[in-house]
Amino acid sequence: MILRLLSIFLVTILLPHVGFPQDRLDSVSNSGLSDIESYELQIMNIESAYGPMDQRLVEPLEGLISRLIEFGRIDQVAELQEKQLAVMRANLGFESLDLLPVLRGMIQVQQALGNWEATSDILDHIRFLMAANYDQRSEETLLAMENQAQWKLAGFYLDAERNQSNNFLDARNLYADMERLAEDVYGENSPQLYPWYYKRAYNLGIMVQLLNTKGGFANVFITDLIRSDGTMRLQTDGRLSGTRLSPIGAWNIQDRNFVLGEGYLRQARDLINRIRKIAELENDIEVQAIAEIYRGDYNLLMGRGSGRRQYNSAQDMLLEAGVAQTEIDEFFGVPTPLPLPRFFNNFSELLDYQRIMLTGVEGISDEELHLGIFNAWHENARAVLKPISDDPLLQIGLPQNLVDLKFNINTRGRVSSVDAVRSVPEDDRVARVASRAIREVRFRPAYVDGKATRVRDVQMRYLFAQELR
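Numbering follows this note's numbering, in which position 424 of the sequence shown is assigned residue number 505; successive positions increment by one, without gaps.
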């Protein structure tokens, strides 16, 4: 059902005439049908005279595809796009960049059909094109790989639940490859590595969130991760000594009071340390300060202290870099869900991001502290922000449940006293899901005068995809 409704949604986006008056629709329909017949006749004549792979077929095929999309004949469009691609390959070669618009059009159609694996195959083809034209070690190839990874992450909520672990681990492996490739592209001490190092750090961070999500999926994911990596990065200081590994590799992790997968968070923190070292070589105090903030965040996620030392150090460095004390106080004075989804090269951008997040809900009075919107990834990843691709073609939304929450955040960034103020739809189950989920979200606590401060009655809007049956 979810595939059917999402396909209808995507087909609607493809249709340009939705909402037109009926008389205009009739005119468009008659004109469109005439055009379709004309294009089909042109194609037949060209094939008869010059063969099925002649370059002259490209233009009428493009016109026919455009008209068929208007009429919602998506299955036929998919077949014609395959033919169009074959003709262009035969005439332009397999490595021509002129294939790129056709491939992107194919992605849109395959999404409308709910063919997620076909979309993955097309993204593989685009990566091949980028490597062939710009070199395997190029920024263009990196961006193509990121699109592949983002699509795998999208598969977490588009694909069947049994494929969630594999989709995430495929994305995890792509981010590891991107880290290594970025060093080849930019050099090991380039500031251009900052975003690429952090992309992998963030991916590791949300992987640990998945490991520690309460529910059946975490057990499946832990088992799959052990089969892939072994147990070394799950264990820390012998704290799994009372935890049993079954013959099939499933951990008995009930009633544990530690972060499972701390070794992966250490990997993430090491990547942030690399950012800081490059900033030191560049004598960029502002980036060093921002890296300190992120180091504090990941220490907090590991359960290794409150991050206070890193946050206070960051504030001192920001002042040294010329940032106003009022802006520093504004930034640290508000709790923030962790981990942050991207790395910011300067403090003004980081502060602007926070301001945008805090104003995500309209109609909030100045007396209320509202933390904006938490758009959760999936019920199996309820404490994880939904990853959003930078490529609009890969940004797919689903109908959302909405719950307005009120809660407290303590000095360790833990949530308590959760109250569901409103839910849309009005459904006790929806409210319970959101209330339980927000307790699993870890926040950077508010800091006032260099000390973590308990905050009461903060508000946040929690969104998660509706369960479509």
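Note that beta-carbon positions come from the ideal geometry of N, C-alpha and C, so glycine has one too.
Could you give the first and the last residue of the continuous beta strand (DSSP E) run that contains residue i?
i: V502; result: V496 to V505
i: T534; result: K532 to T534
i: R463; result: A462 to L466
i: Q136; result: Here Q136 belongs to no beta strand (DSSP E), and DSSP marks it neither H nor E.
i: A167; result: Looking at the DSSP string, A167 is not in any beta strand (DSSP E); the run it does join, the alpha helix (DSSP H), is I155 to L173.
i: G453; result: H451 to H459
Quick check: the Cα distance between residue i and residue j, rounded to an integer number of angstroms?
i: M226; j: D500; result: 42 Å
i: E118; j: S429; result: 57 Å
i: Y283; j: R389; result: 21 Å
i: I274; j: N196; result: The amino acid occupying residue 274 in the given sequence is Leu; Ile does not appear at that position. In a straight line, the C-alpha of L274 is about 34 Å away from that of N196.
i: D265; j: G144; result: 42 Å
i: G186; j: D530; result: 54 Å
i: F175; j: L262; result: 24 Å
i: K487; j: V511; result: 15 Å
i: M313; j: I307; result: 9 Å
i: V539; j: N489; result: 6 Å
i: T71; j: R513; result: Residue 71 cannot be examined here, being either before or after the span of the chain that is shown, 82 to 550.
i: P102; j: L474; result: For P102, the predicted structure reports a pLDDT of 45, less than 50, and the residue's modelled location is therefore unreliable. The matter cannot be settled from this model.
i: D202; j: K233; result: 11 Å
i: L84; j: A241; result: Only weak support exists for where L84 lies, its pLDDT of 46 falling under 50; the value from the coordinates is given anyway. Those two C-alpha atoms are separated by around 10 Å.
i: E373; j: L382; result: 14 Å
i: P480; j: L291; result: 22 Å
i: R253; j: D310; result: 12 Å
i: A257; j: G132; result: 46 Å
i: S446; j: L439; result: 12 Å
i: S271; j: D205; result: 28 Å
i: V139; j: N126; result: 13 Å
i: N214; j: N491; result: 53 Å
i: A299; j: Y434; result: 31 Å
i: R537; j: M398; result: 30 Å
i: R404; j: E269; result: Reading off the sequence shown, one finds Val at residue 404, where the question assumed Arg. Their backbone Cα atoms lie some 29 Å apart in a straight line.
i: N426; j: K467; result: 22 Å
Closer than 6 Å by C-beta to residue i: which residues in its own chain qualify, once you throw out the five before and the five after it? Chain order, please.
i: R542; result: V442, I454 and D485
i: S470; result: Q231 and Q476
i: M134; result: V168 and A171
i: L285; result: Y345, Q348 and A349
i: Q547; result: P480 and N482
i: D116; result: R148
i: V289; result: G342, Y345 and L346
Within the same chain, show all residues whose beta-carbon is closer than 7 Å to that of residue i, passing over the 5 residues directly before and after it, in chain order.
i: I287; result: V465
i: L210; result: E176, L178, L180 and L181
i: Y392; result: I374, G377, F413 and Y528
Measure from the alpha carbon of residue i to the alpha carbon of each residue in the options, then state which is nearest.
i: W277; options: L224, F545 and G297; result: L224
i: H522; options: A457, P473 and D240; result: It should be pointed out that residue 522 corresponds to Val in this sequence rather than to His. Comparing Cα-Cα distances from V522 to each of A457, P473 and D240, the minimum goes to A457.
i: L450; options: G414, D202, F425 and N196; result: G414
i: A394; options: L381, R376 and T407; result: Looking at the sequence itself, residue 394 is Ser, so the reference to Ala does not match. Here the closest residue by C-alpha is R376.
i: I207; options: S219, L184 and V190; result: L184
i: R517; options: A402, V190 and R495; result: R495
i: A533; options: E363, P141, P272 and G386; result: G386
i: E198; options: F237, A212 and S446; result: F237
i: A218; options: D410, Y267 and Q165; result: Correcting the residue type first, residue 218 is Arg in the shown sequence and not Ala. The shortest Cα separation from R218 among D410, Y267 and Q165 belongs to Y267.
i: D410; options: N247, A527 and R243; result: A527
i: F412; options: L452, N244, N491 and I127; result: L452
i: S497; options: R535, P480, N214 and S246; result: R535
i: N380; options: I353, L432 and A299; result: I353
i: S504; options: I374, L483 and G113; result: L483
i: K295; options: A252, K164 and R463; result: R463
i: D472; options: L138, E151, F152 and A235; result: A235
i: L114; options: L149, Y131 and A257; result: L149
i: G478; options: R537, R423, L544 and S446; result: L544
i: E460; options: E507, G297, L399 and D433; result: G297
i: S112; options: N364, Y131, F152 and A130; result: F152
i: E401; options: P506, N364 and N126; result: N364
For residue i, report the span of its alpha helix (DSSP H) as first-last.
i: F302; result: G297 to D310
i: L486; result: Per DSSP, L486 belongs to no alpha helix (DSSP H); it is in the beta strand (DSSP E), Q481 to I490.
i: V289; result: Y275 to L292
i: A527; result: Here A527 belongs to no alpha helix (DSSP H); instead the beta strand (DSSP E) covers A527 to V529.
i: R423; result: No alpha helix (DSSP H) holds R423; DSSP gives it neither H nor E.
i: I353; result: E343 to L362
i: G186; result: L181 to A193
i: V511; result: D509 to E521
By Cβ distance, which residues of its chain are closer than 8 Å to residue i, with the 5 residues on each side in sequence left out?
i: M259; result: L223, M226, E227, A230, W277, K280 and R281
i: L432; result: E408, E411 and F412
i: N248; result: K233, L234, G236, F237 and D240
- Message: Does the structure place the stretch 368-380 close enough to the stretch 342-360 that three or more beta carbon pairs sit under 8 Å?
- Response: Contact between the stretch 342-360 and the stretch 368-380 is present, because at least three Cβ pairs lie under 8 Å.
- Task: Pair every Cβ in the stretch 339-347 with every Cβ in the stretch 300-315, then say whether three or more of these pairs are closer than 8 Å.
- Result: The stretch 339-347, when compared against the stretch 300-315, does touch it at the 8 Å Cβ threshold.
- Are the stretch 415-435 and the stretch 519-533 touching, with three or more C-beta to C-beta distances below 8 Å? Because the criterion of three Cβ pairs below 8 Å is met, the stretch 415-435 and the stretch 519-533 touch.
- Message: Taking contact to mean 3 or more Cβ pairs, one atom from each stretch, closer than 8 Å, check whether the stretch 144-160 and the stretch 113-127 are in contact.
- Response: Yes: at least three Cβ pairs fall under 8 Å.
- Cβ pair count under 8 Å reaching 3, the stretch 155-163 against the stretch 188-195: They touch, by the three-pair rule.
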